[in-house]
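Protein chains in written order, with the working numbering: chain A, 1 to 248; chain B, 1001 to 1248; chain C, 2001 to 2248; chain D, 3001 to 3248.
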């Protein structure tokens, strides 16, 4: 796809699961920028994409820090200034704490919002102008795709930190969908309701340990790509996904 | 795809929009059975599929009639007895009435449920045994995909007939997802929130008449096919879709 | 309250729990009509109200039968023709079936809708004209209060009959709230999420058998009365209730 | 009510509307502490309560400041150390901004969370231990009642700051309801969907200017009191309220 050469994509929050799969999927069409605080989280993915003939760079970024995000986008501008942004994916999970409420410190409570409220605000403010700039030429409507969780819809006991961050993220995503949809940007929110099958979760006894009882993150990436390719007459704003055996 | 030759699909509720597009999309992989009360609703689609090298039959069926559904599935058994059912789509819109509540007749009120409650019950009872039978061999998890509407989530003024039917349909779909998901069947519910772009709606002044202000039903079909191809580790149960300019 | 002597109330669906408590509560202010299919369900309540100095009558009614509802309201007209209707409560639970979907008969599936869709339609069509007639004079905004359940929001596995009826009821209630609210009628929907403490449920081992682990139906009645007394500047459309130990 | 003399209540966020009405309502039974940043927001209410024979104090508090909240509760301990806390109401609206997303500063975006996320966290951590201490003796289950808004359920265009704060508040409230309900605390969340009738909104042309087209905050106070008096077998976790003519 020649046209796609003039475009690139960004994935914030990469590690072993969704971020990696999404980056690899989008890299088949667009160069991709990987953002993560810790370079070890993106280095091997960048290598993997390059060795498959794709183009990727990683930038160490703390999405909850204004200056860090500013620096990252300055670097992006330097690297991809001649290209337009076709897709931005916000997949930051950080800040997960599970604790009795009265044992939470303020910092622990706020960690959920830092990652999913403030961090997303900074990311959206940096990417939306670039996405708007791509509306008239992008092969698919420029997309801002957001990773939610079970906790986006439900404040479970002892989960107030994570849930308040994910609720705030969903609120902001809805608001952006309503403001930027009519301008041609596709803002979508995906509720991941289940454990993702990554090395760290191998030992988790989920859904009785049955085969496919955890989510294959490549399937998440296929869904994100499907969202990206939807035409503007048919934007999905929200969808859920879970393993076939997951209770809900 | 050789394996797919042993499978077929069914679309209930075909006309000019979603049903037609979904049938044409699924016919690229599976033979397809089209159900509609009025043969004029499927005849041209059957021709279109055949002339593209696909295989399709239409059966005149009233989904809200036990005997009619029974006859239809007897005919399906005769025609496709040697194949397994990979996908069943329930896309029955019928029964739309918009009237002040005190002017509704009982029959008008019940029309929503006849089409989307009773009709879906009969369809689901006929298709689920066939879908179960395909679990172990189907190229993708056998799928039961349901068409919802704005009224699946919201009972608007003067819309009690349609909304009560669509709410009942969603309730039943959720119940089936929870019962049959663990058996390997993918039950998905799609909330179509907007006017579909078909000949009948050409003159509707929707969203200020802007381009792409109505939903392209081929995009709906792409999403239904995407749902069908999701692996069992990642089932989407519900998603919405609407034109980029739609208020929501 | 002298003015209240010119008003009356109706409770459809009385038995040992919510219906009985609501009837007794409302009878402190208004004469009350009790509707139930089986007279043994209301006879003792009528006695109880009368012996406390209240006024009550019971009418054997099948709310899902047009002619039965017609007869009941003719009798109500005869008995209370000179009074206006201040409150109508729809508390019909009937039609509960829990069964694997493929074992449900059509009649069993439809039982949920018969009780909560069709039955409520007939009740609402009979009561709304009377409630409208009371708007200008009623001490509180004339109220149509609806009893929902956990299954109003969630289609659980093997619960499609009950859930489809309760979803349809909620849809219709929302539609009426939007149509008749601006005319001065208060339509409220209450989601009862828990087991009610009645003789039939005494042996149920709910929430580990702790004290107050089942809902006291007198508390439900207090909430219904609170809803009835809300002024039109502050209508609650929906609320939930559950025991303090209930999982949700 | 003699017993009630051993209890007190706290209302955070008082001004001309809900906070004032709730404080006056609860002051009929319990001494009440009023928290607001600006003393002019509570001084006249304290006077009003005192002149009706009630007991009230105001404490200038910035709920989003750890040290300010700490100081306030030290003062509360000094004043009411011998009494137990029967009810705590979180009614902080602050941080309302309506602006195109790309014009928001980080501080403006965060203002919503500061008021409704961080502020509520600090308030809940200070009040929950006191409420727990009252469980065994309080005349009604000790209550933590939270004021939500339309934006608790919906992220509207240009409202991301307020909506993200109100979503975070709702998430945290749900989490606390699930953790502290079983310990006997009633956590309730009220969605105020409409404009409140206060001096500042007199000139707002709401709902065509019809009578009662704005919410009477005394009615809100009645509902908060009703919530407080619910027994533990019947806790309402969430309810909405709006004027009879409000579109929703």
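Glycine included, C-beta positions come from ideal geometry on N, C-alpha and C. Remember, it's a predicted structure, so these values are computed and weren't measured experimentally.
Checklist entry - On the three-state DSSP scale, how would you describe residue 1009/B? => result Annotated three-state conformation of residue 1009/B is strand, per DSSP.
Item to check | For residue 1252/B, the three-state DSSP class (helix, strand or coil) | outcome: No answer is possible for residue 1252/B: it lies beyond the span of chain B, which begins at 1001 and ends at 1248.
Next on the checklist: Taking CB distances under 7 Å as the criterion, tell me whether residue 40/A reaches chain D.
Outcome noted: No Cβ of chain D is located within less than 7 Å of the beta carbon of residue 40/A.
Next on the checklist: Strictly under 7 Å for the Cβ-Cβ distance: is residue 2073/C near chain B by that measure?
Outcome noted: Closer than 7 Å: no.
Checklist entry - Is residue 36/A buried or exposed, if buried means 16 or more other CB atoms sit within 10 Å of its CB? => result It counts as buried.
Checklist entry - Between residue 138/A and residue 8/A, which are expected to be in contact by the criterion C-beta below 8 Å, what is the C-beta distance as a whole number of angstroms? => result Wrong, their Cβ atoms sit about 11 Å apart, outside the cutoff.
Checklist entry - So, is residue 3243/D buried or exposed, given that buried needs 16 or more other C-beta atoms within 10 angstroms? => result Buried, by the Cβ-count rule.
Next on the checklist: Against residue 2121/C, what residues of chain B qualify as contacts under a CB-to-CB distance less than 7 Å, listed in chain order?
Outcome noted: Residue 2121/C reaches chain B at 1106 and 1109, counting residues in chain order whose Cβ is nearer than 7 Å.
Checklist entry - What three-state label does DSSP hand residue 2002/C in the structure shown? => result Bear in mind that the predicted position of residue 2002/C carries a pLDDT of just 42, short of 50, making it unreliable; the figure below should be weighed with that in mind. DSSP places residue 2002/C in helix when its eight states are reduced to three.
Item to check | residue 3241/D to residue 26/A span [Cα, whole Å] | outcome: Cα to Cα, the separation comes out at about 45 Å.
Next on the checklist: Quick check on residue 2240/C: does DSSP put it in helix, strand or coil?
Outcome noted: Here residue 2240/C sits in strand by DSSP.
Checklist entry - Given that residue 3242/D touches chain C, what residues does it touch there, using C-beta distances under 8 Å? => result What residue 3242/D touches in chain C: 2234, 2235 and 2237.
Next on the checklist: Under 7 Å, Cβ to Cβ, is there at least one residue of chain B near residue 2065/C?
Outcome noted: Contact of residue 2065/C with chain B is not assigned, every C-beta pair being separated by 7 Å or more.
Checklist entry - With 16 other CB atoms within 10 Å as the buried threshold, where does residue 3148/D fall? => result By the Cβ-count criterion, residue 3148/D is buried, with 16 or more other Cβ atoms from all chains shown falling within 10 Å of its own Cβ.
Checklist entry - Can residue 171/A and residue 3163/D be called in contact, C-beta distance under 7 Å? => result Going by beta carbons, residue 171/A and residue 3163/D fall inside the 7 Å limit.
Item to check | Inter-residue spacing [alpha-carbon to alpha-carbon] between residue 2184/C and residue 2230/C | outcome: Residue 2184/C and residue 2230/C: Cα-Cα distance of roughly 12 Å.
Checklist entry - Which partner residues of residue 2111/C appear in the DSSP bridge assignment? => result Residue 2111/C is not bridged to any residue.
Next on the checklist: So the candidates are 3063/D, 3060/D, 3033/D and 3061/D; which of them puts its Cα closest to the Cα of residue 3050/D?
Outcome noted: Out of 3063/D, 3060/D, 3033/D and 3061/D, 3033/D has the C-alpha closest to the C-alpha of residue 3050/D.
Next on the checklist: Only counting the same chain, and skipping five residues up and downstream in sequence, which positions put a Cβ closer than 7 Å to that of residue 1161/B?
Outcome noted: Closer than 7 Å at Cβ, skipping near neighbours: 1095, 1097, 1104, 1108, 1109, 1111 and 1112.
Checklist entry - How would you label residue 3002/D, buried or exposed, when you count the other beta carbons within 10 angstroms and need 16 or more for buried? => result Annotation note: pLDDT 42 at residue 3002/D (below 50); position unreliable, coordinate value reported separately. With fewer than 16 other CB atoms across the displayed protein chains lying within 10 angstroms of its CB, residue 3002/D is exposed.
Checklist entry - Is residue 2215/C close to chain D, meaning its C-beta is less than 7 Å from at least one C-beta of that chain? => result Yes, residue 2215/C lies at the interface with chain D (some Cβ there is under 7 Å from its Cβ).
Item to check | Bridge-paired residues (DSSP) for residue 1095/B | outcome: DSSP, once it has assigned bridges, lists no residue as partnering residue 1095/B.
Next on the checklist: Taking contact to mean 3 or more Cβ pairs, one atom from each stretch, closer than 8 Å, check whether the segment 68-86 of chain A and the segment 116-130 of chain A are in contact.
Outcome noted: A contact exists between the segment 68-86 of chain A and the segment 116-130 of chain A.
Next on the checklist: Under DSSP, the beta strand (DSSP E) around residue 2086/C begins and ends at which residues?
Outcome noted: DSSP places residue 2086/C in the uninterrupted beta strand (DSSP E) bounded by 2084-2090.
Checklist entry - Can you list, in chain order, the residues of its chain whose CB lies under 6 Å from that of residue 2224/C, leaving out five sequence neighbours each side? => result Answer for residue 2224/C: 2022 and 2145, listed in chain order.
Checklist entry - Between which two residues does the alpha helix (DSSP H) carrying residue 3126/D extend? => result Counting along the chain, residue 3126/D sits inside the alpha helix (DSSP H) bounded by residues 3119-3134.
Item to check | Closest Cα partner of residue 1140/B within the set 1234/B, 1174/B, 1179/B and 1053/B | outcome: Cα-wise, what sits closest to residue 1140/B is 1234/B.
Checklist entry - Any C-beta of chain A sitting closer than 7 Å to the C-beta of residue 1001/B? => result Bear in mind that a pLDDT of 43 at residue 1001/B, under 50, signals an unreliable position, so the model cannot answer this.
Checklist entry - Under the rule that 16 or more other beta-carbon atoms within 10 Å means buried, what is residue 2174/C, buried or exposed? => result Result: buried.
Checklist entry - Nearest chain B C-beta to residue 182/A closer than 7 Å, yes or no? => result Yes, because at least one Cβ of chain B sits closer than 7 Å to the Cβ of residue 182/A.
Checklist entry - When the cut-off is 7 Å and only beta carbons count, does residue 1139/B lie next to chain A? => result For residue 1139/B, the answer is no, since every Cβ of chain A falls outside 7 Å of its Cβ.
Next on the checklist: Tell me the rounded alpha-carbon separation between residue 3190/D and residue 3092/D.
Outcome noted: Approximately 13 Å, taken between the alpha carbons.
Next on the checklist: Would residue 2090/C and residue 2121/C be called neighbours here (beta carbons separated by less than 7 Å)?
Outcome noted: 7 Å or more divides the Cβ of residue 2090/C from the Cβ of residue 2121/C.
Checklist entry - Beta carbon of residue 3100/D, beta carbon of residue 3150/D: below 7 Å? => result Not closer than 7 Å, so no.
Item to check | Where residue 2248/C sits in the DSSP three-state scheme | outcome: If DSSP states are grouped into helix, strand and coil, residue 2248/C belongs with coil.
Checklist entry - Does residue 3124/D have its Cβ less than 7 Å from a Cβ in chain C? => result No, no contact with chain C.
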